[in-house]
Every structure is written in structure tokens, then in C-alpha cells.
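J.: Just so you know, we're using our numbering here: the sequence shown kicks off at 5 and counts up by one.
Note that CB positions come from ideal geometry on N, CA and C, so glycine has one too.
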Amino acid sequence: MKIAVVGTGYVGLVTGTCLAETGNDVICVDVNASKVEKMQNGEVPIYEPGLDLLFHRNIEQGRLHFTTDLASAIKEAQIIFMALPTPPGGDGAADLSYILGAAGDISKIITDYKVIVNKSTVPVGTADKVSAVFAQNTNVQVDVVSNPEFLREGVAVDDFMKPDRVVIGTKSERAKKLMSELYGPYVRQGNPILFMDERSSELTKYAANSFLATKITFMNEVANLCELVGADVDAVRRGIGSDERIGKRFLFPGIGYGGSCFPKDVQALVMAANETAYDFQILKSVMEVNERQKTIIVDKMLKYYKNDLQGKHFALWGLAFKPETDDIREAPALYIIKSLVAHGATVTVFDPEAVENVRNVIGDQVTYAENMYDALENADALLIATEWSVFRNPDFDKIDNLLKSKVIFDGRNLYDLQKMIDLGYYYNSVGRKKIT
Ligand code: NAD
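1) For a quick check, are the C-beta atoms of valine 149 and glycine 188 less than 8 Å apart?
2) From the DSSP output, which residues share a beta bridge with glycine 173?
3) How far does the beta strand (DSSP E) with alanine 385 in it reach, from first residue to last?
4) Going by the beta-carbon positions, is the gap between leucine 273 and phenylalanine 266 smaller than 8 Å?
5) Just checking, does the stretch 130-141 make contact with the stretch 302-309 on the three C-beta pairs under 8 Å criterion?
6) Do lysine 408 and asparagine 382 have their C-beta atoms closer together than 8 Å?
7) When the distance is taken between beta carbons, is isoleucine 113 closer than 8 Å to isoleucine 78?
8) Can you grab the Cα-Cα spacing for the pair tyrosine 372 / leucine 323, in whole Å?
9) Within the stretch 321-392, note down every full alpha helix (DSSP H) run reaching 4 residues or more, in order along the chain.
10) Confirm, please, whether the CB-CB distance from serine 111 to phenylalanine 85 is below 8 Å.
11) Roughly how many whole angstroms lie between the Cα atoms of threonine 115 and aspartate 147?
12) Taking the beta strand (DSSP E) that alanine 8 falls in, what are its first and last residues?
13) Are the CB atoms of proline 336 and glycine 260 within a distance shorter than 8 Å?
14) When the Cα atoms are used, what is the spatial distance from valine 191 to lysine 423?
15) Measure the alpha-carbon distance for glutamate 202 versus glycine 93 and round it to whole angstroms.
16) Judging by CA-CA distance, which residue of Phe318, Lys437, Gly96, Val35 is the nearest neighbour of serine 343?
17) DSSP three-state call for tyrosine 282: helix, strand or coil?
18) Is glycine 11 near the ligand NAD, judged by its Cβ being under 7 Å from some heavy atom?
19) Would the C-beta of valine 128 count as close to the ligand NAD, meaning under 7 Å from any of its heavy atoms?
20) Buried or exposed for leucine 100, please, with buried defined as at least 16 other CB atoms from any protein chain shown within 10 angstroms of its CB.
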């Protein structure tokens, strides 16, 4: 099939590349000319494991192209995907200007039937709004389909190639047939393509992300309570996770959820509910608790250093909002840095992939280490904000030699408590006994 993907970010690039992988002819469009130039020169603009292999293979085999020219990209396409940003607007509700703007541009160019697929996360009713834009600008028939994306950054290629499910919201039989054909190769193991109406499909995405954010937040609260009552969150986690109704996944406590999706999607669902005068109370609490959790590590440090961080120097491992990505949008590490700097401390940071993105956002507010050990030199303590695998089994002798004192604040529970006792650390993690 001939496919156009409008918007070549984390979702668009993975979608375009993975659709090319099953033999489709894909052209990706983006307004960011320097990004497009990079991709035309064979450079993957984001870090996503496994993506470069597929990216290069499909470019070499002539199935994956990049352009800034929307008109030429969509001319031949049977299906046009929109994978555009839907950031929070001023009031926290999703800003649909990218989607409606692109729909307007596309509607003025097309001359024959197209399926317009919205992959962005959008509020209920967006498919109707997009359809209205087309109806206003053209007599050409289109079907506007909601097809939310559930991929997780860090394992996005696997998630796209073998999705747990594909959700497709449309009432059109013609669009259904094309979408089934397109997604058939990805669900050969038997996972479902779930057809539903557009509104249910749009809400499915927000409900999924909000549920997951709630699950993490619930566990963060359990962890906070564990610290106060002398329980161990790892034991509690195993104890509840063995119940199949609860499940083992997504129960690891930490320093709050971040990323480009959960914070904005939870907020957008609260706002969408507000518009119907429905008070989505649980999600309001989730947002509030998550705000508090993001700086919990700094509160612990303030306690340890008797409210005086002035002149202290810290090493911070992990900047990305989660491992295996360079994405730093709403990353807890950034909140920690901001708070430490405001308290008069200095910070040297290290991340395997996200340093350049952080440098672009906060510049010289921190210093950047070339490797994880360099970051430790003369630091009063080590803080851990992202659970990259490379941090899991470090050389503690090296750490001892470089840190000024054997103090670790771990927001991701990477180390065994007994080991930290044996090594003689002050070790403060989340929901577990403090080792002093
Ligand atoms: P992103 O910011 O990484 O990418 C968006 C891209 O769109 C950018 O490259 C930007 O230059 C481009 N763009 C903006 N306006 C354009 C236009 N008019 N024409 C062409 N290109 C344009 O965003 P993302 O993370 O890929 O997210 C896209 C959507 O998918 C959002 O709604 C997001 O909520 C949703 N989503 C994201 C993820 C994720 O993990 N990142 C997962 C599922 C769903």
C-alpha cells in the first residue's frame, strides 16, 4: 500500500518505518526541515532501540522516504497517518491546532478518496472535528479513522511490530477493510484488531494511559507509607502482584511518572471530563500525588543535610524519563535538578542517551560528565533518577574512591539493601528501609 505519515517524531517515525518493514511504500512528512534533512542523509533523529536497523534497511530497499513537501507526499497515498503533537493548551486540555491545521492543509490538496488516520492522542470528538474540516474544504470523500498508538518508548519497535492489540475507530466498511489489510501482518500471532466507533477508540487511549498512571501512583503512595510504617515495598509489591487481577507489571515505585504522555494525557482527560461537568476525582488525586513524588528525593536530601544544600555538589545518574530512550519530556530528573539548583547545590549529570537533549533545554545549569564514573568526582552524594541497566551493577570500589562520602539517594531501587549494608553506605531508596 502507499502510505503517508504526517509528523515524524517518536510515533510517526516508528510507525512509518515499521509500516515500510511489511512491504508498504511509505513517505514521512515533517515541517522540521533539519530533521528531514538528517533522515534523508540516513541519520535516525531519535534514540529508539532496534529502529536504526529497520530504518536503514527500508531506506536502502526504497520503501521509506522523507520530505517536507506535504503535497507530493500525500498525492499517491491511500492512507494518510497523522502523528502530530497534541500538547497541553493553556488550560491543560489537548491543543488540537496541529491536527486541525494539518487536516486543513491536507483537505485542500487531495483529489481522490483517502483514509485519514489519527495516531495522535486526542480527546473524544476529534474525529468528528477533523471530518468537519474536510467537509468544509473539499468534496472529495474521506474516511477519518481513530487509531491510537500504544507503543512505549524504549521498546517502540517491538510494540509496533507485535502489538497487544490494534484499536481502530471507524464506522466506514471501506476504511475498515483497508486498515485490516494494513495491520494484518502485525497481528498474525492472534492478538486482536478491535474495531469500534471513533469516540470509544479516542477514549480508549486516554483511559489506558490514565489507568497506568494511576497504577504507578498508587504504588508510589504504598511505598511512601511503607517507609513510615517500616514495611518493605518490594515484599508488598510481590505480595499483591501475584494476584492475577493486579498483575506483576507497572508496580515498581519511584520518583513519579514523567514522559510526553502520562502527565499530559491524565490532565487532558480531567479537562475533557470537566467539559461535561464530570469531576474525575481519582485522576485529580493522581496528578497531585505525582507532583509531590517528583521531588520526594530532594525532600529526603533536605532532611539528611539538615535543610542546607547550599554549596553541596551532587552526581546525578539518569536524565531520560525512563531507560532506553533519549526523551526527557517531563522527566523527574529535570525537576530534581531545578530544585537542587534552587537550594544552592551544584550538579554533575550523566545519561547514556539523553545528555544532548538536556543540554538543549537547561544548558550550563549543570555540568555534563562523559561517563557515569566521571560524574562522581568530589560529589557529596550520588542520586539515581533513571533505571538504565548500566547503573544496576556498578563498580562500587570506583564509586567509593570518587564520592566524597558514601551516600546514595536512589529513586529507582536499583540496589540490594543487604549489599548496601555490607558496603557501608548511607542508602536511601523508595519504600524500603533506610540504610544508615
Ligand atoms: P513528537 O513531538 O516526537 O513528534 C511530532 C512531530 O510532528 C515533530 O517531528 C514535529 O516537527 C512534527 N510536526 C509538527 N507539526 C507538523 C505539521 N504540520 N506537519 C508535519 N509535521 C509536523 O511527538 P510524538 O511523541 O511522536 O507524539 C505524537 C502523538 O502521539 C501525540 O499525540 C502523543 O501523545 C501520541 N503518542 C505518543 C507516544 C510516545 O511514546 N511518544 C505514544 C503513543 C501516543
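T.: On the basis of the coordinates in this document:
1) no
2) Ser150, Met200
3) 385-388
4) no
5) no
6) yes
7) yes
8) 11 Å
9) 336-346, 359-366
10) no
11) 14 Å
12) 6-10
13) yes
14) 44 Å
15) 23 Å
16) Phe318
17) coil
18) yes
19) no
20) buried
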